[in-house]
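S.K.:
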């Protein structure tokens with residue numbers, strides 16, 4: 004019995020030694036986190052994880068967002084409690100890996116435990132419109148200045 008316990012401990016130690024190096028990242032992290040949108044380059048400034056839900060013209064009680072823009076159900080826009088209007092974010096559905104770059108144009112969500120509301124069209128593209136809520140990673144993007152800009 005004691006030999007079995009020692010064997011398990013040794014096996015776990017060996018597995019840890021094998022797995023830990025595979026979790027490490029190498030190389031330039033900035034090159035992996037650069038995003039090209041049109042002629043502009045963006046870098047990931049910060050990351051948030053939490054629950055996302057969707058909203059639409061029908062659920063927004065109107066057609067205007069907090070930024071004053073007209074809400075479109077199919078636009079790549081989102082609502083966030085604190086990020087400045089116009090901020091670009093990449094929202095990734097953690098359950099299927101689908102992602103989309105969106106612009107913050109509204110305030111919310113107002114339901115406890117949620118970090119972002121996306122339009123119903125974005126929820127369709129991210130693959131969670133029928134579930135209503137999903138776990139997401141929100142990467143806040145900042146524009147990289149290129150020489151000459």
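Residue numbers (my numbering): 4 to 152.
Ideal Cβ placement from N, Cα and C applies to all residues, glycine included.
With burial defined as no fewer than 16 other Cβ atoms inside 10 Å of the residue's Cβ, what is the status of residue 83: buried or exposed?
M.R.: Buried is the call here.
S.K.: So, is residue 50 buried or exposed, given that buried needs 16 or more other C-beta atoms within 10 angstroms?
M.R.: Burial call: exposed.
S.K.: Closer than 7 Å by C-beta to residue 18: which residues in its own chain qualify, once you throw out the five before and the five after it? Chain order, please.
M.R.: Residue confidence is low: residue 18 scores 48 on pLDDT, short of 50, so the model does not pin down where it sits. No coordinate-derived value is stated.
S.K.: Is it buried or exposed for residue 66, if we count other Cβ within 10 angstroms and need 16 for buried?
M.R.: Burial call: exposed.
S.K.: I'd like the ranges of any beta strand (DSSP E) spanning at least 3 consecutive residues and lying wholly in the stretch 97-142.
M.R.: Correct list: 102-109 and 117-122.
S.K.: Does residue 93 pass the burial test, meaning 16 or more other C-beta atoms within 10 Å, or should it be called exposed?
M.R.: Classification for residue 93: buried.
S.K.: Given a cut-off of 7 Å on the beta-carbon distance, is the pair residue 131 and residue 122 in contact?
M.R.: Not in contact: residue 131 and residue 122 (Cβ atoms no closer than 7 Å).
S.K.: Helix, strand or coil for residue 95? Go by DSSP, reduced to three states.
M.R.: Here residue 95 sits in strand by DSSP.
S.K.: Over what stretch of residues does the beta strand (DSSP E) that includes residue 40 continue unbroken?
M.R.: Counting along the chain, the beta strand (DSSP E) containing residue 40 begins and ends at 37-40.
S.K.: Whose C-beta lies closer than 6 Å to the C-beta of residue 119 among residues of the same chain, with five residues either side of it excluded?
M.R.: So the qualifying residues of the chain are 55, 81, 83 and 141.
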